[in-house]
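Visitor:
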Amino acid sequence: MAKAQLSPKKQKHKRRVKKNVRVAERRRLENRYHISRMKTAFKKLYSVLKKEGPEAASKYLPLCQKLAYKAAAKGAIHKNEAARRVSRAAKRIKAALEKSQQVA
1 MAKAQLSPKK
11 QKHKRRVKKN
21 VRVAERRRLE
31 NRYHISRMKT
41 AFKKLYSVLK
51 KEGPEAASKY
61 LPLCQKLAYK
71 AAAKGAIHKN
81 EAARRVSRAA
91 KRIKAALEKS
101 QQVA
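So in full-length UniProt numbering, spot 65 of the sequence shown is number 65, and the numbers just go up one at a time.
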């Protein structure tokens, strides 16, 4: 079966469509980069919180906050998602601090 020929009217849009695909791929990779960095930082914070305690983990919170808000600024995630992630991390650290102070 022969390949269908595009009409001249449809031909015009072909370059634009190809460019849109390239742009979408570039944006997808950039979004993935920002999201991956942010998630890795939060995972590190939670693992340090579990192993070393809240004092050590609180040092990672500013980095997590920075990466989350940067991802939101770049459009990789919604700004409310960034705020929620930071809030939950701070809440966990605060709860662990209070628990460690009660024990001591």
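Cβ coordinates follow ideal geometry from the N, Cα and C atoms, glycine included.
Could you work out which residue in Lys-44, Ala-72, Lys-51 and Val-17 is closest to Ala-89 when comparing CA atoms only?
Guide: Working through the sequence shown from its first residue, we reach residue 89 at position 89. Closest by alpha carbon: Lys-44.
Visitor: Under 8 Å: do the segment 65-73 and the segment 32-44 share three or more Cβ pairs, one atom per stretch?
Guide: yes
Visitor: Do Ile-93 and Pro-62 have their C-beta atoms closer together than 8 Å?
Guide: Counting from 1 along the sequence shown, the entry for residue 93 is found at position 93. Counting from 1 along the sequence shown, the entry for residue 62 is found at position 62. No.
Visitor: To the nearest angstrom, how far is the alpha carbon of Lys-79 from that of Ser-100?
Guide: The sequence position of residue 79 within the sequence shown is 79, counting from 1. The sequence position of residue 100 within the sequence shown is 100, counting from 1. Taking the straight line joining both Cα atoms gives about 32 Å.
Visitor: The alpha helix (DSSP H) that contains Lys-74, what's its start and end?
Guide: Counting from 1 along the sequence shown, the entry for residue 74 is found at position 74. Unbroken run through Lys-74: none, as it is neither H nor E.
Visitor: Any idea if Tyr-33 is buried or exposed, counting beta-carbon neighbours within 10 angstroms, 16 or more meaning buried?
Guide: Position 33 of the sequence shown, counted from the first residue, corresponds to residue 33. Result: exposed.
Visitor: Could you tell me whether the Cβ atoms of Val-48 and Ala-56 are closer together than 8 Å?
Guide: The residue labelled residue 48 in the question sits at position 48 within the sequence shown. The residue labelled residue 56 in the question sits at position 56 within the sequence shown. Closer than 8 Å, so yes.
Visitor: Tell me which residue opens and which closes the alpha helix (DSSP H) that Ser-87 is part of.
Guide: Here residue 87 refers to the residue found at position 87 of the sequence shown. Ser-87 -> alpha helix (DSSP H) spans 79-103.
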